[in-house]
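Data first, discussion second: the structure below is written as structure tokens.
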Amino acid sequence: MLWLLDYGAGNVTSLANSVRSLGYEFKWIQTAEDIKNADRILFPGVGAFGSAMEGLQKRGFVEPLKEYIASGRPYMGICIGMQALFASSVESPDQPGLGVIPAQVGLFSNKDKKVPCMGWNGVTERREIGQEGRKAYGLGEANADNSYYFVHSYRVAASEPGVQDWILTMTQYGDEQYVSSVQKGNVFGTQFHPEKSGKAGLALIDGWLKSTDAPTKEGGKGLLDVSAKPLRAQADIDADLVRKGFTKRIVACLDVRANDQGDLVVTKGDQYDVREAEESVTTADEHASGAPEESSETLPSAPVAEPTLPSSTVSADPSEPPPAKRQRQVRNLGKPVDLARRYYAEGADEVAFLNITAFRSTPLRDQPMLDVLRGAAETVFVPLTIGGGIRDTVDPDGTERSALEVAGTYFRCGADKVSIGSDAVFAVEELLAADGKKSGKTGIETISYAYGAQAVVVSFDPKRVYATSLEDIPEIHRSSAVDLAGPLRSNPDQKLRDDLGPNGERYCWYQCTVRGGREVRDLDVVQLAQGVEKLGAGEILLNSVDKDGSKSGFDCRLVDLVRTSVGIPVVASSGAGKVEDFSEVFKVTDVEAALAAGIFHREEVPIADVKTHLMEEGVKVRKD
Ligand code: 1PR
Numbered sequence: 001m002l003w004l005l006d007y008g009a010g011n012v013t014s015l016a017n018s019v020r021s022l023g024y025e026f027k028w029i030q031t032a033e034d035i036k037n038a039d040r041i042l043f044p045g046v047g048a049f050g051s052a053m054e055g056l057q058k059r060g061f062v063e064p065l066k067e068y069i070a071s072g073r074p075y076m077g078i079c080i081g082m083q084a085l086f087a088s089s090v091e092s093p094d095q096p097g098l099g100v101i102p103a104q105v106g107l108f109s110n111k112d113k114k115v116p117c118m119g120w121n122g123v124t125e126r127r128e129i130g131q132e133g134r135k136a137y138g139l140g141e142a143n144a145d146n147s148y149y150f151v152h153s154y155r156v157a158a159s160e161p162g163v164q165d166w167i168l169t170m171t172q173y174g175d176e177q178y179v180s181s182v183q184k185g186n187v188f189g190t191q192f193h194p195e196k197s198g199k200a201g202l203a204l205i206d207g208w209l210k211s212t213d214a215p216t217k218e219g220g221k222g223l224l225d226v227s228a229k230p231l232r233a234q235a236d237i238d239a240d241l242v243r244k245g246f247t248k249r250i251v252a253c254l255d256v257r258a259n260d261q262g263d264l265v266v267t268k269g270d271q272y273d274v275r276e277a278e279e280s281v282t283t284a285d286e287h288a289s290g291a292p293e294e295s296s297e298t299l300p301s302a303p304v305a306e307p308t309l310p311s312s313t314v315s316a317d318p319s320e321p322p323p324a325k326r327q328r329q330v331r332n333l334g335k336p337v338d339l340a341r342r343y344y345a346e347g348a349d350e351v352a353f354l355n356i357t358a359f360r361s362t363p364l365r366d367q368p369m370l371d372v373l374r375g376a377a378e379t380v381f382v383p384l385t386i387g388g389g390i391r392d393t394v395d396p397d398g399t400e401r402s403a404l405e406v407a408g409t410y411f412r413c414g415a416d417k418v419s420i421g422s423d424a425v426f427a428v429e430e431l432l433a434a435d436g437k438k439s440g441k442t443g444i445e446t447i448s449y450a451y452g453a454q455a456v457v458v459s460f461d462p463k464r465v466y467a468t469s470l471e472d473i474p475e476i477h478r479s480s481a482v483d484l485a486g487p488l489r490s491n492p493d494q495k496l497r498d499d500l501g502p503n504g505e506r507y508c509w510y511q512c513t514v515r516g517g518r519e520v521r522d523l524d525v526v527q528l529a530q531g532v533e534k535l536g537a538g539e540i541l542l543n544s545v546d547k548d549g550s551k552s553g554f555d556c557r558l559v560d561l562v563r564t565s566v567g568i569p570v571v572a573s574s575g576a577g578k579v580e581d582f583s584e585v586f587k588v589t590d591v592e593a594a595l596a597a598g599i600f601h602r603e604e605v606p607i608a609d610v611k612t613h614l615m616e617e618g619v620k621v622r623k624d
């Protein structure tokens, strides 16, 4: 029997799903006694080193775990589950680790790179472990360019003395080489998340499960020990790491909402208007099932047509069903779980769900959306983000639900990150009003504290406000204004096509909106970006109301503006129409990821074509 260790933080559902998908059963460790009796243990740690060790201590698991490992039975640790093996971590210096590996976990330098490190990277073996060793650890063929998903700020430097005879694989991020997996005797640990690393990750878990199948308490079959194999030449390792390297991510985004028949569908707007251009007749039955009470798809500039009732159908008899009416239907581009599975199979590096009907009720009562997430997490083994309605809410019965509670529910259903929209704008407004003093109470802060910054994405929905001269822009927003015929901030030599306003305006500033673009606020996109970074967000999903659904390419000036304003990763979104749009945004800006919706939903541009094009253009991407 396989035992999974859950110390109560983060997304352990994904690992459970991946183990199930490989045909293995498991039990959750509940007591110290379970550890004593376990045959093999998988520890999927998420979050911070200190809270993980505290969680183990509180449950009385520390000593039993040390004894278990010393007994020679197989142990696999993931992320914090690997870091917990070390003596200590600079993340929580007063909190000792399990001390199995006599070395310390350190912090990435952010001089030449973004921290947290979030994305796909290659690994290369430290020793000559041969085909047999690669098979035992599910590492694939010798020259396989497998990438794995990493999310972390702390790492073990490859030069750390105490870890030398433990290093199984190494990875490079910026100019640092660090330990991406360890192995010695019965112990195996990965810094990356195999349960979120697509087919390569599943193969790795499968390798460990197969090679530790039916072990005995005395060690049994256990694991192949490769820790004494001869070292590879450092020059070969260096060359391998440079060739593999950190990749740019391609994200598929699904805007999900209830249509007029009450079904959850994937929809897609142009400038956030998700209804068809033409009116059509909605039947009486469809009306009866109820359209959302309030939804975010209606922009002031694109009002939904008022229902018009043909006079011949109007009846005064209340016993008759309500008459048919004409209105613009919500665009239906497919079922959320089916589409998410398709994108996973096609090689998407991440999948994001934005619940755009979330205003109408509290997200925790939205069972269909939670089911979508659970359904997707069962078979989609890349990171999943969920957004929409993540804020403090009150149920109709008066029960208060915090943003943290909403996020926690999503994580337990299989989400890896939550995306906060409107609430982030309000939080930054409060922050500015308080002269930059944090309250500690906003959703960003509470979720980031409990689950780590990497779990908190903020989704921006800015709109351009055009001006013919800089003086026409309010002074407070002038420093973040953009010259639409000028160069990029990050790269003044970069030639970019002019992108003037509808009346030839040369400048614009980017104004933040809330409630799906319906309401503008007196906040610019740089204020928002710097504010959410200060509050503890780990990533920015940068939409553009102007570009959404336009297929005219990403707003590279907007992407560059935000990218150069913060140190956290940014995902460029809105406007992708062809493969060249992706190479443009990656080449002219320093953005970490690019997201598209419409072209993927309508099968106009396959994800594989985007990746092939990027590889041809010399942009590193994950090969599936
Ligand atoms: O404010 O925390 O409840 O979050 C609501 C979330 O829902 C926000 O992240 C907001 O961006 C999103 N949202 C609200 N209304 C809409 C709408 O379309 N009516 N969708 C909406 C925003 C934009 C992107 C889209 C890209 C790429 N959709 O998600 O996927 O623009 O599209 P493209 O490649 O087709 O151009 P809260």
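Position 298, counted from 1, in the sequence shown is what full-length UniProt numbering calls 298; the numbers after and before it change by one each time, with no gaps. For each residue, glycine too, the CB sits at the ideal point set by N, CA and C.
Put simply, the backbone Cα of Gln164 is about 48 Å away from that of Ser544. Relative to the ligand 1PR, the beta carbon of Asp366 is positioned no closer than 6 Å to any heavy atom. Look at Ala596: its beta carbon is less than 6 Å from one of the heavy atoms in the ligand 1PR.
In this chain, the alpha helix (DSSP H) harbouring Pro64 covers 62-70. Counting along the chain, no alpha helix (DSSP H) covers Thr399, and no H or E run does either. DSSP, reduced to helix, strand and coil, places Ser573 outside both helices and strands of the structure shown, so it counts as coil.
Gly106 and Asp273 have their C-alpha atoms spaced approximately 47 Å apart. Selection Lys58, Pro102, Ala70, Gln183 evaluated against Gly77 yields Gln183 as nearest (Cα-Cα). In the three-state DSSP reduction, Gln191 falls in the coil class, being neither helix nor strand. The beta carbon of Ala485 sits closer than 7 Å to those of Asp498, Leu500, Arg506, all from its chain and outside the five residues before and after it, given in chain order. Counting C-beta atoms within 10 angstroms of its own C-beta, Pro64 has 16 or more neighbours from the protein chains shown and is therefore classed as buried. For the pair Arg275 and Val337, the CB atoms are not nearer than the 7 Å cut-off. Distances from the CB of Ala576 to the heavy atoms of the ligand 1PR include at least one below 6 Å. Checking the 6 Å criterion, the Cβ of Gly245 is out of range of every heavy atom belonging to the ligand 1PR.
In terms of Cα proximity to Asp260, the closest of Ala144, Lys611, Asn332 is Asn332. Counting C-beta pairs closer than 8 Å gives fewer than three between the segment 203-213 and the segment 91-100, which falls short of the contact rule. Beta-bridge analysis with DSSP links Val457 to Ser419, Glu539.
If you check the CB distance, Trp3 and Ala32 do not come in under 7 Å. Counting only runs of at least 4 residues, the segment 67-129 fully encloses the following alpha helix (DSSP H) elements, listed from N- to C-terminal order: 80-83.
In this structure, the beta-carbon distance from Cys253 to Ala593 does not fall below 7 Å.
According to the DSSP assignment, Asp206 belongs to the alpha helix (DSSP H) that extends over 198-211. Under the three-state reduction of DSSP, Met170 is assigned to strand. By the criterion of at least three beta-carbon pairs nearer than 8 Å, the segment 472-486 is not in contact with the segment 530-546. By the Cβ criterion, the segment 107-124 is in contact with the segment 237-247, since at least three pairs of Cβ atoms, one from each stretch, lie closer than 8 Å. Tyr410 has its Cβ no nearer than 6 Å to any heavy atom of the ligand 1PR.
In the DSSP assignment, Asp522 falls within the unbroken beta strand (DSSP E) covering 519-524.
Using a C-beta cut-off of 8 Å, the segment 446-460 makes contact with the segment 46-64, since at least three inter-stretch Cβ pairs fall below that distance. Here the alpha carbon of Gly130 sits roughly 34 Å from the alpha carbon of Leu384.
About 13 Å separates the beta carbon of Cys508 from that of Val526, a gap too long to meet the 8 Å contact definition. With fewer than 16 other Cβ atoms from the protein chains shown falling within 10 Å of its own Cβ, Arg20 counts as exposed. Check the Cα spacing between Thr513 and each of Arg328, Phe426, Ser583: the tightest is with Phe426.
A distance below 7 Å separates the beta carbons of Ile101 and Trp166. DSSP, read as helix, strand or coil, puts Thr446 in helix. Around Tyr343, the same chain offers Ala252, Val351, Phe600, Ile607 as residues with beta carbons nearer than 7 Å, after the five sequence neighbours per side are excluded. Measuring C-alpha to C-alpha distances from Ser552 to each of Val559, Ser565, Asp581 identifies Asp581 as the nearest. The Cβ atoms of Gly334 and Val266 lie closer than 7 Å to each other.
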